[in-house]
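Worksheet for the structure shown next.
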Amino acid sequence: MISVENQYGTIEISQEYFAKLVGKAASECFGVAGMVNSPAQGIRAAVSGRDAIDKGVRVRTSGGGLVIDLHIVVVYGMNISVIVKSIVNKVRYTVEQSTNLDVAKVNVFVDSMKTENE
Numbered sequence: 015m016i017s018v019e020n021q022y023g024t025i026e027i028s029q030e031y032f033a034k035l036v037g038k039a040a041s042e043c044f045g046v047a048g049m050v051n052s053p054a055q056g057i058r059a060a061v062s063g064r065d066a067i068d069k070g071v072r073v074r075t076s077g078g079g080l081v082i083d084l085h086i087v088v089v090y091g092m093n094i095s096v097i098v099k100s101i102v103n104k105v106r107y108t109v110e111q112s113t114n115l116d117v118a119k120v121n122v123f124v125d126s127m128k129t130e131n132e
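Just so we're aligned, residue 15 is where the sequence shown starts under our numbering, counting upward by one.
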């Protein structure tokens, strides 16, 4: 649960909401083949026997803004820096428009590459 306090009170938004919002925005970007579990999510999925609902997405607060970590798989042969810039811009815009909360940072971790045939 992400909790942010302002002059009107406290805003609480579930991790599941952020996972779906951020995951959808990132996966719609050209060159993204999918999301993957972060190392901690992978351990949790192995212990529980099922995939994490927040696959590849971690959101936390820092200094009044949100910090978003994404773990992605890219399509082989694509320009990774262009893909990452596109993801950062789209995720920041989507989250700020949907929640009216400031996004301080978007960290994108490219964990794997996938050929188009896989």
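Backbone N, C-alpha and C fix where the C-beta goes; we use that ideal spot for every residue, glycine too.
In this structure, the CA atom of residue 82 is about 14 Å from the CA atom of residue 124. For residue 100, the closest C-alpha among the options 80, 129, 41, 128 is that of 41. Inter-residue distance for residue 43 and residue 25 is about 29 Å (C-alpha atoms, whole angstroms). In the structure shown, residue 34 adopts helical secondary structure according to DSSP, grouped into three states.
When secondary structure is reduced to three states using DSSP, residue 69 falls in the coil class, being assigned neither helix nor strand. Collapsing the DSSP output to three states places residue 20 in a strand.
Excluding five sequence positions before and after residue 27, the CB atoms of its chain that fall closer than 7 Å to its own CB belong to 16, 113, given in chain order.
Residue environment analysis places residue 46 among the buried positions, since at least 16 neighbouring C-beta atoms fall within 10 angstroms of its C-beta. Look at residue 129 here: in three-state DSSP terms it is coil, with no helix or strand label.
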